[in-house]
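First the structure, in the form of structure tokens, and then the observations on it.
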Amino acid sequence: MKEQQRFIDAFPTKYPVHFIEGDYDKDSFYAIAKGLEHEPEKGARCHKCYDLRLRCTAQVAKEKGFDFFSTTLTISPMKDSQVLNEIGIRISEELGVSWLPSDFKKREGYKRSTQLSAEYDMYRQDYCGCVYSYNERKKPSPRGEGGPR
Ligand code: SF4
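Following the working numbering, the numbering of the sequence shown begins with -15 at its first residue and continues without gaps.
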């Protein structure tokens, strides 16, 4: 979070960009993850997690009268952009706030993100965020995969 704020302050943009901190609501996360603890990343637990986070984002966008809500998650090769966009559209229809569809991986978006991370000396976490992804990432891989993403 601190890295994100630092990057927003340092990166030149055409229009102002502001950081809004969401609530740290671990109880809601563990409630949706219950029974899905052993799902692989991109699986059913993640789909519920996308829904939880995008719903919070949409709610803030609605309260503040923003034109759209969206997510940067589609830049990650570990995230399913199609599922994210489907969930975004569904929440958009439920809450009445527009969804901005994306697949930021396209046109070398992921490569660009790694270049910007290097340029701005940013920390890149090598797991998604929850304890399950952390445990999964720490497992030895026969192909030697791992590292920042
Ligand atoms: S934090 Fe990441 S790995 Fe964990 S459930 Fe959410 S999307 Fe999946």
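Backbone N, C-alpha and C define an ideal beta-carbon position, used for all residues, glycine too.
The three-state reading of DSSP puts residue 82 in strand, counting E and B together. When the beta-carbon positions are compared, residue 114 and residue 62 stay at least 8 Å from each other. Among the bridge pairs identified by DSSP, residue 88 is matched with none. In terms of side-chain proximity, the C-beta atom of residue 17 is found nearer than 7 Å to a non-hydrogen atom of the ligand SF4. Our two residues, residue 104 and residue -10, have alpha carbons roughly 9 Å apart in a direct line. Burial state of residue 42 is buried, judged by a 10 Å Cβ sphere holding 16 or more other Cβ atoms. By the Cβ neighbour-count rule, residue 53 is buried, with 16 or more other Cβ atoms within 10 Å of its own.
Exposure of residue 118 is indicated by the presence of fewer than 16 other C-beta atoms within 10 angstroms of its C-beta. Counting other Cβ atoms within 10 Å of its Cβ, residue 55 reaches 16 or more and is therefore classed as buried.
What you get when you keep residues with a C-beta closer than 7 Å to any heavy atom of the ligand SF4 is 17, 25, 29, 30, 33, 34, 112, 113, 114, 116 and 117. For residue 44, the uninterrupted alpha helix (DSSP H) segment begins and ends at 28 to 48. In the three-state DSSP reduction, residue 53 falls in the strand class (E or B).
Residue -3 counts as exposed, since fewer than 16 other beta carbons sit within 10 angstroms of its beta carbon.
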